[in-house]
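Please read the structure below before turning to the comments.
Number of protein chains: 2
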Amino acid sequence: MAGVRLQDVAEHAGVSMKTVSNVVHSHPNVSAAMRERVQRAIDELGYRPNAIGRRLATGRTGLIALAFADVRLPYFSELANVISKAAAATGPGYRLLLEETEGTIEGERAVLSASEAGLVDGMLLQPSRMSSREIAERHGDLPMVLLGEGPAPLSVDRVMVDNVAAATAATEHLAALGRERVAFVGHERSGMSSTSRQRIMGYQEGLERHGLPVDHDLLISTGAITSQDAAIAVGAALDRGVRFDGLVCRDDLAAIGALRALHERDISIPDDVAVIGWDNIAFAATTFPSLSSVAPNTQALARVALDMLAERIAGFDGIGRHRVVDFDLVLRESAPALASTDAPGGELASVHAGSAHAISA
Amino acid sequence: MAGVRLQDVAEHAGVSMKTVSNVVHSHPNVSAAMRERVQRAIDELGYRPNAIGRRLATGRTGLIALAFADVRLPYFSELANVISKAAAATGPGYRLLLEETEGTIEGERAVLSASEAGLVDGMLLQPSRMSSREIAERHGDLPMVLLGEGPAPLSVDRVMVDNVAAATAATEHLAALGRERVAFVGHERSGMSSTSRQRIMGYQEGLERHGLPVDHDLLISTGAITSQDAAIAVGAALDRGVRFDGLVCRDDLAAIGALRALHERDISIPDDVAVIGWDNIAFAATTFPSLSSVAPNTQALARVALDMLAERIAGFDGIGRHRVVDFDLVLRESAPALASTDAPGGELASVHAGSAHAISA
DNA sequence: GTGAAAGCGCTAACAC
DNA sequence: GTGTTAGCGCTTTCAC
């Protein structure tokens, strides 16, 4: 039955509301007989505490908002899953309110400027377009932790993977495989995100460390962050004579598009072109050939983000903390492990603020 | 500033709470001068209405729960995206609380038996394991609409696609392409879901209509609903000598796994084996070859489900309504359109309770 | 160990 | 047009 109130239970059991409340919360100071009597009343009436009433009284809703561009992007749905599980296990057990920004500045503003306050206890936001200044100004006093390598004001907590280091590690792996012309695929043709920018920086760093050519022709941008656009862009590059034997992809979407473009032209992977993606999405294991990929430690990311958010909710008010979580380089058929690091878990490189492990899968 | 209350604004502006409330809600009956004065107070204090207070007073939270197995499954993340957009456009603008059941009966029970009531105004649930009787018993009086072809008590609203008809259409398309041994891939090895059951029924119906062999060897089950398991299962079937020239897959995950198993064995798609998946996930367009797929009309599904839910929330209390939305058969390289129905939108078949359109993509 | 009563912030009669 | 006031359902001091 709905509409059964705490007070109804109290009357039915012939006790005060406080006593019922004590029973509901398993408070120690209540006699066994009383507990029994009240519990019977609860069961008979089918009483269920009303969440909103409780929340008005306590000031906590138990809800946190998770905001990112689009849940259809595999990385984000993976993130939503991991965070939702971790959130349920955090403190009182948080639940997730899903907010999509569509990767637009309007969407990001809307998420931060919700006209109502107090619905959620805090927010996890992966921004991509908003400037760090605007984030700092708009978030008001909503407890917040930023996800990812996007803009982040010093005043706000943030968790990310070292994208530069990871891109360097991926590029160096291709170099170690003997690749001499390594291209980068999948950054936005216009309005490049900080994600793409950092990955390209790391890619260049990797090339330079091995004395490989850094060439604008080897930067293959796409119209949108989709595998279709990547397939088109890589196909066009090949058709206009751009040659490469290794491909660092902005993400697995781009990598899957690249796979398709290469297949269409009967280019063998990894013999002719080795490919590394990013995010290690579930499909990476079943593409043909299977895809090597940079795998951010999303478990750690969720854990760290939620811990920091819980501290903020609890009242912590210090300067923003910026944390870095580690990543793996998961090596599959499209860019296999070197013979010498063939064993799963073989250490490939140790990079600043997190280690890159090469894992053969 | 947080902690600014309606009352603070009223005092600051020297008016009553009611007047402030009128301004906040853009009520007509308030003079321009008054509106101006109050608005200034709101801006000066940075007042934002508190959602929980409002919700306690109105009894509505503006939240609906969306519960399904796992947001990482592409079909569900697509659904979450479509429903979240449609929900924002429904009535007062609903937001989504994400709940994952992990496809287990415990998970489904947990979602329905949340110990607190009143947090959400209603629920959209895609059940897979729970019996219809248990659903009917447990949902209490929470406004609810069921999604998908799982168990559904007559007392509860439900929206689905006609899975039998769609599977028949897919199978018949393969028959029309001249395929003579059409297998089904991807149902659970044990504990088969009603989804798989219905799709297999439609598959059998399609075979029988064309006098094609119905053979237990042609039912290739998998351990889990993943593309990896499908790749293993299809590979094993091929290796033990099962032969087929067409494949109806339970979903695109299974289809992508099948693609991989076929590629590994140098079997040509669609020449040797034509493949049709289900759900028309984004990747279907960029696999190699691209994947033909049954495309449920998720837009319509979201629209119908939310409309029914809104009616339930508004108090509608009639018997459960079971609605069927249509689907398309999107034809790509893995099982191309017939020459005669080559034109996009060419009508393939008209099936009960929804039309199947063949669309070449 | 149990009860009474004062809020939490907002809405909506109802009165002015 | 604007103000007063009684809740919405729960928690939580503070008496008893």
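Those protein sequences? They're chains A and B, same order as listed.
Counted from 1, the first sequence has number 300 at position 320 by the working numbering; the numbering is strictly sequential.
Counted from 1, the second sequence has number 243 at position 263 by the working numbering; the numbering is strictly sequential.
From the three backbone atoms N, C-alpha and C, an ideal C-beta is built for every residue, glycine too.
Values in this document were obtained by computation on a predicted structure and should not be read as measured data.
Cβ pair residue i, residue j closer than 8 Å
i, j, result
"LEU198(A)", "ALA163(A)", "yes"
"ILE44(B)", "LEU104(B)", "yes"
"PHE348(A)", "PRO276(A)", "No statement about residue 348(A) is possible, as the shown extent of chain A runs from -19 to 341 and does not include it."
"ALA68(A)", "VAL165(A)", "no"
"PRO54(A)", "ASP259(A)", "yes"
"LEU77(A)", "SER64(A)", "no"
"HIS(-8)(A)", "GLU16(A)", "no"
"THR266(A)", "ARG240(B)", "yes"
"GLU168(B)", "SER207(B)", "no"
"VAL253(A)", "ASP219(A)", "no"
"ILE249(A)", "VAL255(A)", "yes"
"ARG109(B)", "ILE85(B)", "yes"
"LEU311(A)", "ALA338(A)", "yes"
"ARG96(A)", "ILE261(A)", "Before going on, a small fix: residue 96(A) reads as Glu here, not Arg. Not a contact, by the Cβ cut-off of 8 Å."
"THR347(B)", "GLY182(B)", "Residue 347(B) cannot be examined here, being either before or after the span of chain B that is shown, -19 to 341."
"VAL62(B)", "THR278(B)", "yes"
"ARG138(B)", "ASP101(B)", "no"
Amino acids of chain B, ordered along the chain, whose beta-carbon sits closer than 8 Å to that of residue i
i, result
"GLU96(A)", "ARG28, PRO29, ASN30, ALA31, ARG34"
"ARG177(A)", "In chain order: nothing, as chain B lies at least about 25 Å away."
"LEU126(A)", "Ordered by position in chain B, no residue passes the 8 Å Cβ test against LEU126(A), which lies about 19 Å from the chain."
Proximity to residue i [Cα-Cα], best of the options
i, options, result
"PRO107(B)", "ILE32(B), ASP219(B), GLU79(B), ILE236(B)", "GLU79(B)"
"PHE263(B)", "GLU291(B), ASP232(B), GLY73(B)", "ASP232(B)"
"ILE299(A)", "LEU192(A), ARG220(A), VAL125(A)", "VAL125(A)"
"GLU291(A)", "LEU122(A), ASP225(A), HIS153(A)", "LEU122(A)"
"ASP142(A)", "ARG28(A), ARG179(A), MET110(A)", "ARG179(A)"
"LEU360(B)", "ALA21(B), VAL136(B), VAL284(B), GLY226(B)", "Residue coverage of chain B in this structure runs from -19 to 341, which leaves residue 360(B) outside it and unanswerable."
"GLY42(A)", "ARG303(A), LEU289(A), ILE200(A), GLU129(A)", "LEU289(A)"
"SER314(B)", "ALA241(B), LEU227(B), VAL51(B)", "LEU227(B)"
"TYR27(B)", "SER340(A), ARG220(A), GLY120(A)", "GLY120(A)"
"HIS302(B)", "ALA132(B), LEU192(B), GLY73(B), SER111(B)", "ALA132(B)"
"ALA37(A)", "ALA66(A), SER57(A), SER1(A), GLU152(A)", "SER1(A)"
"SER111(B)", "GLY102(B), ALA94(B), GLY130(B), ALA97(B)", "GLY130(B)"
"ARG52(B)", "PRO72(B), GLU82(B), ILE32(B), ARG35(B)", "GLU82(B)"
"ARG189(B)", "MET140(B), ALA150(B), ARG283(B), THR278(B)", "ALA150(B)"
"LEU157(A)", "VAL(-11)(A), GLY128(A), SER272(A)", "SER272(A)"
"VAL305(A)", "VAL(-5)(A), ARG283(A), PRO316(A), HIS5(A)", "ARG283(A)"
"ALA31(B)", "ALA155(A), GLU244(A), ALA94(A), GLY128(A)", "ALA94(A)"
Buried/exposed call for residue i, threshold 16 Cβ in 10 Å
i, result
"GLU327(A)", "Low per-residue confidence applies at GLU327(A): pLDDT is 38, beneath 50, and the placement is therefore not dependable, though the value from the model is reported in the following sentence. Looking at its Cβ environment, which holds fewer than 16 other Cβ atoms inside 10 Å, GLU327(A) is exposed."
"MET172(A)", "exposed"
"ALA285(A)", "buried"
"LEU134(B)", "exposed"
"GLU223(B)", "A quick correction: the sequence has Arg, not Glu, at residue 223(B). Classification for ARG223(B): exposed."
"GLU160(B)", "exposed"
"GLY87(B)", "buried"
"SER176(A)", "buried"
"HIS5(A)", "exposed"
Proximal residues of chain A, C-beta to C-beta of residue i below 7 Å
i, result
"ILE236(B)", "PHE263, THR266"
"GLN208(B)", "ALA265, THR266"
"SER64(B)", "LEU78, GLU80"
Interface partners of residue i on chain A, CB under 8 Å
i, result
"ASN61(B)", "ASP50, VAL51, ARG52, GLU80"
"ALA211(B)", "THR266"
"LEU77(B)", "LEU43, ARG75, LEU76, LEU77, LEU78"
"HIS243(B)", "PHE268"
Residue i at chain B interface by Cβ criterion, 8 Å
i, result
"SER111(A)", "no"
"SER57(A)", "yes"
"ARG169(A)", "no"
"ARG240(A)", "yes"
Neighbour flag for residue i against chain A, beta carbons, 8 Å
i, result
"PRO324(B)", "For PRO324(B), the predicted structure reports a pLDDT of 44, less than 50, and the residue's modelled location is therefore unreliable. The matter cannot be settled from this model."
"ALA329(B)", "Confidence in ALA329(B) is poor, its pLDDT being 37 and thus under 50, which makes the residue's placement unreliable; the coordinate value appears in the next sentence. So no, ALA329(B) is outside the interface."
"LEU289(B)", "no"
"GLY(-14)(B)", "According to the sequence displayed, residue -14(B) carries Leu and not Gly. No, LEU(-14)(B) does not count as interfacial toward chain A."
"VAL(-11)(B)", "no"
"VAL0(B)", "no"
"LEU286(B)", "no"
Chain-ordered neighbours of residue i on chain B, where CB pairs are closer than 7 Å
i, result
"THR41(A)", "ILE32"
Where residue i meets chain B, residues with beta-carbon distance less than 9 Å
i, result
"LEU99(A)", "ASN30, ALA31, ILE32, ARG35, THR41, GLY42, LEU43, ARG75"
Closer than 9 Å at the beta carbon, the chain A residues around residue i
i, result
"LEU25(B)", "Simply none; closest approach about 12 Å."
Residue i beta carbon near the ligand ATP (any heavy atom closer than 7 Å)
i, result
"SER201(A)", "This structure simply doesn't include the ligand ATP, nor any ligand for that matter."
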